[in-house]
Structure formats: C-alpha cells, structure tokens
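Start counting the sequence shown at 518; every next residue gets the next number (the numbering used here).
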Amino acid sequence: MDVVSQLMEKTYPFRRNSLICEPEPLPTVLTVHPFLHSTDLLLKECGRVLEAPDYHLKQPELWSSKWCPRIIFLAKRESHKQNVNVLLESYDIQTSNKNADKIHELALLLLVTLAARKKAASSDVLQIVKDYESVTGAASRSHKFPVVLVTSSLPREYYLVADKTVVGVIPKSCLITSALLAAYYVFDIVFPESLKQFYFVLESCLIGKPSGMLSFGSKSLFTALSNVSTHFFSL
C-alpha cells in the first residue's frame, strides 16, 4: 500500500488535471484509477485535494469523539420535532451508547435532519440494504450523488456508492462522513441543492472550512455544536 501511495503522490497532478478537465463517468474513472476503490486511498487522495495530508487520520477521530456526541446532545433538546424524535427512538439511544456503529449512523442522520432543507431526506446520505437485496442491486437504485449503504444484518457493513456504482467498502463506521466528503472532492461532484447546508456544516466540522456559505439557521446550528461543552456519553 505504501508503494501505491507513493505512486499516487507522484501522479496526482496529472490525475487531478484529467479528472477536472476531461471528466468521465464515475465507472470509467474507477476503471482507469482502480486504487480509488480503496477507502483508505480515497481519503488520502482527498487529503491531497484539500492540501491536508492527515485528512485520513484526523477526520474519523473528529467525527467519532467530538461531533457525534454534540450532534446527539443537541438533537435530544430538539426531540419535540417529530422527525428528530423518530430517529432517536428508532436507534434506541439509551441502549446504543456502547454501540459505535449506531452512534455514527444516528449522528449522520440527525445532522441531515437538523441542517438540511426540509425536502432533503436522511436516505439521501445513508440507505439500508434490504435483506433480499444485493449491495450492487441497492446501488443501482440510488441516485448519482454519493451515499452510504449499510447492511441491515449484523455485523454492519458499509459501502460508498456514487453514480449508481459501488466505489468501495468503508471498513469502519467512523469513516462514513469523511468518505462521503472525499467522494465529492475527489470525483469533483457538486453538492445537491437539497443537501448543501448539511454538507457545508459537515465541512465546517471536519475540515474547518469557513462557515461563510452557511445559511443563518445552519450557522446557528454549527455555532451551537461548537459551543457544546458537556458530553452526555462517551464512545
């Protein structure tokens, strides 16, 4: 893997120029650059795009230890809102405190619900693969924007999908948000209108991007998340 990473580093300028100036359908891109099927290498590639070489190391830890507890803490204060309460009840937060997978999934879905416009659905970022369905089949019914597929059976398995194509396996649930962002940056995909505010908040959380693009409501949400000092549980 180290050799591949070194080769990717050397060929990055050519590869980036090709992806931006000569865009191809995602299946073609993955055929030409098969190493991007690896989530680890995809995250490292995102680090090159962002000029943040430690992206693949820092962002998963940030999501898991800092932002997940804060998102769920704030969501519990908004539990009078039906869509928030439904998510909290469906994940049974009281018994999920030691289940990192459930915590990571729930925080992602809650952030979509709290930050995105009303027409956005949590299934726009995370979808459950039905028991009778294959991952490839589930990918074929998803839209062109990046989404995480998760198996309903245990142990949970996570897959990054975009343009109805399985990009790769996400080996740990703490990587789901950094992998989602990486897909947009690496494959030069524009955020869908309905999810812009969600992704702007996520960018502010994970990569410290200035919040100038945030709407008033989303800026208030990010400020509230930043100011949370009491974690009601730890992973």
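Virtual Cβ for every residue (Gly too), placed ideally from N, Cα, C. Values in this document were obtained by computation on a predicted structure and should not be read as measured data.
Rounded C-alpha distance that separates residue i from residue j
i, j, result
"V652", "V683", "8 Å"
"G725", "L547", "29 Å"
"H748", "I588", "Low local confidence applies: a pLDDT of 46 at H748 is under 50, so the model's placement there is unreliable, with the coordinate-based value given in what follows. Spanning the two alpha carbons is a distance of roughly 10 Å."
"D641", "P530", "32 Å"
"A655", "V646", "6 Å"
"F552", "Q644", "25 Å"
"S732", "V520", "43 Å"
"D648", "Y716", "29 Å"
"S607", "R565", "38 Å"
"S581", "D609", "18 Å"
"R658", "C538", "29 Å"
"S669", "P663", "19 Å"
"L524", "V745", "42 Å"
Counterpart residues of residue i in DSSP-defined beta bridges
i, result
"I687", "Y675"
"L666", "Q644, Y676"
"T682", "A679"
Sequence-distant residues of the same chain with beta carbon closer than 6 Å to residue i, five excluded per side
i, result
"D680", "L543, K661"
"A696", "T556, L677, I687"
"P570", "G564"
"A699", "L559, L560, C563"
Contact set for residue i: own chain, Cβ-Cβ below 8 Å, skip 5 residues either direction
i, result
"L631", "I588, L591, A592, E595, V601, L738"
7 Å Cβ shell around residue i - same chain, five flanking residues per side excluded
i, result
"L626", "L604, S639, L643"
Cβ contact (3+ pairs, closer than 8 Å) linking the region 688–705 and the region 613–630 | yes
Run through the region 569–651 for me and flag every whole alpha helix (DSSP H) of 4 or more residues, listed as ranges in chain order.
-> 572–578, 585–594, 599–607, 617–632
Contact between the region 696–705 and the region 546–560 (3+ Cβ pairs under 8 Å) = yes
Does the region 707–718 come within contact of the region 590–598, defined as at least 3 CB pairs closer than 8 Å?
-> no
Could I get the ranges of all uninterrupted alpha helix (DSSP H) runs contained in the region 524–554, with 4 residues as the minimum, in chain order?
-> 543–549
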